[in-house]
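Those letters in the sequence shown? Residues 40 to 186, per the numbering used here, in order. Here is the structure we will look at.
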Amino acid sequence: MNRFDPLREMDRLMSELRTTPTTASAMPMDLYRAGDHFVARVDLPGVDPGSIDIDVEDRTLTLRAERREQTDVEQWLSHERPAGTFARQLTLGYGVALDRIEADYTDGVLTLTFPVAEEAKPRKINVTHRGQQSIEGERVPEEAAAR
């Protein structure tokens, strides 16, 4: 005789509905400008900091991180946090100083700081002014000019 187990049935239904998360949902990101920097804040809770890998090649930044599957669980009742290796790419504009990008991982949030390149910063251009040049010569008295 098969007995109805509501937890097992719920787990079966959830397993059928479970899909692989998109990269954006697995690595949600905020991106903004703050003065002379662009800042990206990426949520990576539960990620081993040693697994975070960031590469820049040809103005494309690739971010990879791994959240390991928890293996000591006897039976999952709900399993919504994705595990595995996640990757995300950002295309960087020419206004970013690629050689000065910084990364910091604190409290499950990876903060990437992209300095604005010096050549992309707004700057004031001074205008020089040369006055009209006059030709100075000998002044001729009026009575001599009338002749």
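Glycine is no exception: its CB is placed at the ideal position from the N, C-alpha and C atoms.
- DSSP, reduced to helix, strand and coil, places Pro67 outside both helices and strands of the structure shown, so it counts as coil.
- In its chain, beyond the 5 residues on either side, Asp82, Leu83, Pro84, Gly85, Val86 have a beta carbon closer than 8 Å to the beta carbon of Gly147.
- Within the same chain, Val78 come within 7 Å of Tyr71 by CB-CB distance, once the 5 residues on both sides are set aside.
- Under DSSP, Ala126 takes part in a beta bridge, and its partners are Arg103.
- Non-local beta-carbon contacts of Leu149 in its own chain, meaning distances under 6 Å to residues more than five positions away in sequence, involve Val81, Leu83 in chain order.
- Less than 8 Å divides the Cβ of Phe125 from the Cβ of Ala104.
- The continuous beta strand (DSSP E) containing Pro154 extends over residues 148 to 154.
- Counting along the chain, the unbroken beta strand (DSSP E) around Tyr144 starts and ends at 141 to 145.
- When DSSP states are grouped into helix, strand and coil, Asp138 belongs to the helix group.
- If you draw a straight line from the Cα of Gly123 to the Cα of Asp138, it comes to about 30 Å.
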